[in-house]
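The block underneath contains the structure these notes are about, expressed in C-alpha cells.
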Amino acid sequence: DGGITQSPKYLFRKEGQNVTLSCEQNLNHDAMYWYRQDPGQGLRLIYYSQIVNDFQKGDIAEGYSVSREKKESFPLTVTSAQKNPTAFYLCASRPPGDYEQYFGPGTRLTVT
Amino acid sequence: AQKITQTQPGMFVQEKEAVTLDCTYDTSDQSYGLFWYKQPSSGEMIFLIYQGSYDEQNATEGRYSLNFQKARKSANLVISASQLGDSAMYFCAMREGRGSWGKFQFGAGTQVVVTP
Numbered sequence: 001d002g003g004i005t006q007s008p009k010y011l012f013r014k015e016g017q018n019v020t021l022s023c024e025q026n027l028n029h030d031a032m033y034w035y036r037q038d039p040g041q042g043l044r045l046i047y048y049s050q051i052v053n054d055f056q057k058g059d060i061a062e063g064y065s066v067s068r069e070k071k072e073s074f075p076l077t078v079t080s081a082q083k084n085p086t087a088f089y090l091c092a093s094r095p096p097g098d099y100e101q102y103f104g105p106g107t108r109l110t111v112t
Numbered sequence: 113a114q115k116i117t118q119t120q121p122g123m124f125v126q127e128k129e130a131v132t133l134d135c136t137y138d139t140s141d142q143s144y145g146l147f148w149y150k151q152p153s154s155g156e157m158i159f160l161i162y163q164g165s166y167d168e169q170n171a172t173e174g175r176y177s178l179n180f181q182k183a184r185k186s187a188n189l190v191i192s193a194s195q196l197g198d199s200a201m202y203f204c205a206m207r208e209g210r211g212s213w214g215k216f217q218f219g220a221g222t223q224v225v226v227t228p
C-alpha cells in the first residue's frame, strides 16, 4: 500500500527538549512538505523539499529544522527555540505536475 | 498578505441540501492551481477537487463541483445532496507557478455541520 506515514500519532514533551517528527513516503514523490496547524486554523508551511539534500524555508521556519537525506524520508525537528510548539503537524508529498498533495495522518505534539 | 480567503468560519446545512463554500484568491501568476480539501475531526486531509487556471470548464468530482470565476478570482466549492459524513472542515488551497515545485497556500477553512 502506497502512502505517507507519520509517527507517532501523539507526542508529549517537556519544554526545552528537542523532538523529531517522522515522515516517510513510499509514493516515489520528489516533493515533500511540513505544515503546522493550530486549533481552528489553516495550514502554515514550515519547510519544503523538492529533491534529496535540498530544502527551503516556508512561512514559519523559525525554531524548526529538517533534513532530506533520502527521497522517502523528511523528518522535522522541533527545537527548544520554537516558542509555541504545541500543534498538529502534517507532512505531505506530491508528484511532479499539476497534482494535489498527499497528506500523512499527522502528529499531535503537546509540549508542557 | 493573505492569498486565500475563506470568509465563512462555519455553516450549518440540512441533509440532502446543497451548500456553497466561498473561496477567493490573490495571485499575479497566470498559471496556478486551486484545490479543495476536507478535514474530518480525525485530522486527515482528504483531497476533493482541483481546478487549473487554464481549465475552461468547471471541475466536477461526484457530488463536488468547483465554481471557478477567474475574473473575480473565486473558486467556490459546491457540495450537492449533503450527507452527515460531509461534516468536516473544508480548506481551499492555491499552488502558484507552473510545474512541480509550487508552494501551496491554504485558507483558514470553513467548518461545515450537516444536520438531519
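As you go down the protein sequences, you meet chains W and D in turn.
If you count by the numbering used here, then the first sequence holds residues 1 to 112, one letter each, in order.
If you count by the numbering used here, then the second sequence holds residues 113 to 228, one letter each, in order.
For every residue, glycine included, the Cβ atom is placed at its ideal position computed from N, Cα and C.
Quick caveat: nothing in here was measured; it's all calculated off a predicted structure.
Looking at the C-beta of residue i, does it have a partner C-beta in chain W at a distance below 8 Å?
i: GLU156(D); result: yes
i: PHE180(D); result: no
i: GLY145(D); result: yes
i: TYR176(D); result: no
i: ALA200(D); result: no
i: LYS215(D); result: yes
i: ALA171(D); result: no
i: GLY58(D); result: Any question about residue 58(D) goes unanswered here, given that chain D covers just 113 to 228.
i: GLY164(D); result: yes
Return the Cβ separation of residue i and residue j in integer angstroms, given the expectation that the two are a contact with Cβ distance under 8 Å.
i: LEU112(D); j: ILE161(D); result: Any answer about residue 112(D) is impossible in this case: the structure gives chain D only from 113 up to 228.
i: LEU45(W); j: LYS215(D); result: 6 Å
i: VAL131(D); j: VAL225(D); result: That pair is no contact at about 10 Å.
i: TYR89(W); j: LEU27(W); result: Contact flag wrong, Cβ pair sits at about 19 Å.
i: GLY174(D); j: TYR202(D); result: Actually they do not touch by this definition, with Cβ atoms about 15 Å apart.
i: ARG207(D); j: GLY145(D); result: 4 Å
i: ALA200(D); j: PHE218(D); result: Actually they do not touch by this definition, with Cβ atoms about 15 Å apart.
i: CYS135(D); j: ALA171(D); result: Not confirmed; about 13 Å, so no contact.
Return helix, strand or coil for residue i, following the three-state DSSP convention.
i: GLY155(D); result: coil
i: GLY16(W); result: coil
i: LEU27(W); result: coil
i: ASP138(D); result: coil
i: ASP54(W); result: strand
i: GLY197(D); result: helix
i: ARG68(W); result: coil
i: ALA87(W); result: strand
i: ALA130(D); result: coil
i: ALA81(W); result: coil
Using a Cβ-Cβ cut-off of 8 Å, state whether residue i counts as contacting chain D.
i: ASP54(W); result: no
i: GLU15(W); result: no
i: PRO105(W); result: yes
i: GLN41(W); result: yes
i: ASP98(W); result: yes
i: LEU45(W); result: yes
i: PHE88(W); result: yes
i: GLN101(W); result: yes
i: TYR64(W); result: no
i: TYR10(W); result: no
Given a cut-off of 8 Å on the beta-carbon distance, is the pair residue i and residue j in contact?
i: ALA87(W); j: GLY63(W); result: no
i: THR112(W); j: PRO8(W); result: no
i: CYS23(W); j: GLY104(W); result: yes
i: TYR47(W); j: GLN37(W); result: no
i: THR77(W); j: PHE12(W); result: no
i: VAL125(D); j: SER192(D); result: no
i: ASP59(W); j: ARG68(W); result: no
i: ILE4(W); j: SER73(W); result: no
Would you say residue i touches the ligand HEM, meaning its beta carbon is less than 7 Å from a heavy atom?
i: GLN25(W); result: Absence of the ligand HEM is noted for the structure shown, with no ligands found whatsoever.
Since residue i sits in a beta bridge, which residues does DSSP pair it with?
i: THR5(W); result: GLU24(W)
i: ASN179(D); result: ASN188(D)
i: PHE216(D); result: ARG207(D)
i: GLY122(D); result: GLN223(D)
i: GLN169(D); result: GLN169(D) pairs with nothing; no bridge assigned.
*Listed in chain order, which residues of the region 114–125 of chain D have Cβ atoms closer than 9 Å to some Cβ of chain A?*
The structure shown contains no chain A; its protein chains are W and D.
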